[in-house]
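What follows is one structure encoded as structure tokens, with my remarks underneath.
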Amino acid sequence: MAQDINWFPGHMRKALNETKENLKLVDLVFETCDARIPFSSRNPELDAIIGDKPRIVLLNKADLADPVKTERWIAYFKEQGVYSVALEANRKKGIDKLISLSNTICADMLNKAREKGREGKTIKVMVVGVPNTGKSTLINALCGKKAAVTGNKPGVTRQPKWIRTSAGLDLMDMPGVLWPKIATKRSQLVLTATGAVKAEVTDSTEVAYGAINLLCSLYPDLMSERYKVEIFEGQDEYDRFLEMAKKRGCIMSGGRIDEERFSNLMLDDLRSGRIGRITLEAADKPVED
Ligand SMILES: Nc1nc2c(ncn2[C@@H]2O[C@H](COP(=O)(O)OP(=O)(O)OP(=O)(O)O)[C@@H](O)[C@H]2O)c(=O)[nH]1
Ligand SMILES: [Mg+2]
4 MAQDINWFPG HMRKALNETK ENLKLVDLVF ETCDARIPFS SRNPELDAII GDKPRIVLLN
64 KADLADPVKT ERWIAYFKEQ GVYSVALEAN RKKGIDKLIS LSNTICADML NKAREKGREG
124 KTIKVMVVGV PNTGKSTLIN ALCGKKAAVT GNKPGVTRQP KWIRTSAGLD LMDMPGVLWP
184 KIATKRSQLV LTATGAVKAE VTDSTEVAYG AINLLCSLYP DLMSERYKVE IFEGQDEYDR
244 FLEMAKKRGC IMSGGRIDEE RFSNLMLDDL RSGRIGRITL EAADKPVED
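Count along the sequence shown from 1, add 3, and you get the number used in the numbering used here.
And the structure:
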């Protein structure tokens, strides 16, 4: 991965500080991650800030992830004593489960408020996570209207914002945050490939090349089907990349392969689920390089 990517621009430091300050105002934290990369899309700095505050890890974009692996991740979080829910925020799937789990976790607090005569007490929730994991989409799903701005790129939400829902939750939408030193090249690759890092600061050919090699080892059948090439052990990776680009018609005048155009097409395929349902990190060995 290119050395000069700034994973932690100034506005993210500001958002992280605001997370720390606002945490005292909330009862519960929803931490969104990308179900395709539940290990790499959890921010260790956010994790430290959240500390012991009750939280639910949301495996969002579950529609794009491998369902069997998502089940294993849910079991893994359970073993760790962490609440988690698989979500498809854009289709409102998993929302009812999330509301009922939030009520269960906050039952004591709600009962105490009721005893004191505060009937309408809401659960105050802060929604945090790395960029582009669907925080604002989730908030819109919970309140049934477009109260938060969403977008198919990271860095859409810039300011914390309170949004009231009819489900008994008050939600604070937070800007997505990364952290300064993303430990492994593999984490850097999967975060950029899935779209948590601004496309403008990455080299699309480098990201697509890495993503293709990873996907060919994890999901050879899906890749072979999508890009109409044979995938076999000992294959030259660069030759395979060029062949895929050629099959996709990414050829310039004079016959040269248009690597950049193919890379952008491939990343678009990956980000929008056209390759198939894929999960790039397994719960039984979450740390790999
Ligand atoms: N396939 C799929 N896409 C989703 C899902 N949830 C959100 N998205 C899409 O993901 C993109 C990012 O959604 P946002 O809600 O803006 O993400 P965010 O976490 O608020 O992003 P920042 O504000 O940049 O941190 C949008 O294009 C959404 O439509 C989901 O469950 N499945
Ligand atoms: Mg947002």
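The beta-carbon is built from N, C-alpha and C at its ideal position, and this holds for glycine as well.
- Remark: the shortest separation between the CB of T195 and any heavy atom of ligand 1 does not fall under 8 Å.
- Here M255 is exposed: its Cβ has fewer than 16 other Cβ atoms, across all protein chains shown, within 10 Å.
- Distance from the CA atom of R189 to the CA atom of G120, rounded to whole angstroms, is 53 Å.
- Contact between R39 and I281 holds, with the beta-carbon distance rounding to 6 Å and staying under 8 Å.
- Take N106, set aside five residues on each side of it, and the residues of its chain with a beta-carbon closer than 8 Å to its own are L113, I126, G171, in chain order.
- In its chain, beyond the 5 residues on either side, E91 have a beta carbon closer than 6 Å to the beta carbon of D66.
- Not one heavy atom of ligand 2 falls within 8 Å of the beta-carbon of V32.
- Bridge pairing for E209: absent [DSSP].
- In the structure shown, I126 falls within a strand segment according to DSSP collapsed to helix, strand and coil.
- Spanning the alpha carbons of S275 and K27 requires a straight line of approximately 37 Å.
- In the DSSP assignment, K96 forms a beta bridge with E91.
- N135 places its beta carbon less than 9 Å from that of G179.
- By the Cβ criterion, the segment 161 to 171 is in contact with the segment 138 to 153, since at least three pairs of Cβ atoms, one from each stretch, lie closer than 8 Å.
- For V85, the shortest separation between its Cβ and any heavy atom of ligand 2 does not lie below 8 Å.
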